[in-house]
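Chemist: Going by UniProt numbering, 67 is the number at position 67 of the sequence shown; the sequence numbering is gapless.
All C-beta atoms, glycine included, are put in the ideal place defined by N, C-alpha and C.
Have a look at this one.
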Amino acid sequence: MATKPVASSTETNTTRLDKWLWAARFYKTRAIAKQMIDGGKVFYNGQRTKSGRAVSIGDTIKVRQGYEEKEVTVIALADKRRDATFAQTLYRELESSLETREKNALARKQGILLSPAGDAKPDKKQRRKIRQLKERI
Numbered sequence: 001m002a003t004k005p006v007a008s009s010t011e012t013n014t015t016r017l018d019k020w021l022w023a024a025r026f027y028k029t030r031a032i033a034k035q036m037i038d039g040g041k042v043f044y045n046g047q048r049t050k051s052g053r054a055v056s057i058g059d060t061i062k063v064r065q066g067y068e069e070k071e072v073t074v075i076a077l078a079d080k081r082r083d084a085t086f087a088q089t090l091y092r093e094l095e096s097s098l099e100t101r102e103k104n105a106l107a108r109k110q111g112i113l114l115s116p117a118g119d120a121k122p123d124k125k126q127r128r129k130i131r132q133l134k135e136r137i
């Protein structure tokens with residue numbers, strides 16, 4: 001009976017997408033990374049993909065985390081999670097992604113400053129005025 005040769009992880013130049021996202025510290029666990037990939041929050045080279053997709057150096061990955069959307073290029077591969085400084089060496093964020101994130105953050109801050117929430121709910125008189133104002137429009 002013939003046996004297949006087993007390749008070690010150091011010989012390959014690819015790793016699973018969910019493992020890479022976990023090792024690069026985009027998500028706290030591999031299970032969360034898999035959920036995000038399956039939920040359409042991660043795009044690999046501009047397309048939705050599966051969590052078992054092989055990642056190679058030079059690929060582009062778009063990751064959505066809450067309000068932020070990062071587009072990164074893979075520089076190095078890892079399938080083990082290490083400290084944050086090592087994780088930052090695995091990818092480089094694109095300039096357009098950085099600019100877009102900064103603009104969106106500023107817009108969110110300005111939106112909060114322009115319409116701050118009150119300390120308490122409006123009372124009956126204030127609700128009546130709000131309702132009248134809305135009816136006029």
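#1: Round the Cβ separation of THR89 and THR73 to the nearest angstrom and send it over; I've been treating them as touching at under 8 Å.
#2: Give the C-beta separation of TYR44 and ARG53 to the nearest angstrom, bearing in mind that I take them to be a contact with Cβ-Cβ under 8 Å.
#3: On the DSSP letters alone, give me the boundaries of the beta strand (DSSP E) that THR60 sits inside.
#4: For THR73, does the three-state DSSP call read helix, strand or coil?
#5: Could you compute how far the alpha carbon of SER96 sits from the alpha carbon of GLY40?
#6: Take ARG16 and list the residues in its own chain whose beta-carbon comes closer than 6 Å to its own, dropping the five residues that flank it on each side.
Modeler: Let me lay it out:
#1: Not quite, the Cβ-Cβ distance comes to about 13 Å (not below 8 Å), so this is no contact.
#2: 6 Å
#3: 60–65
#4: strand
#5: 21 Å
#6: GLY52
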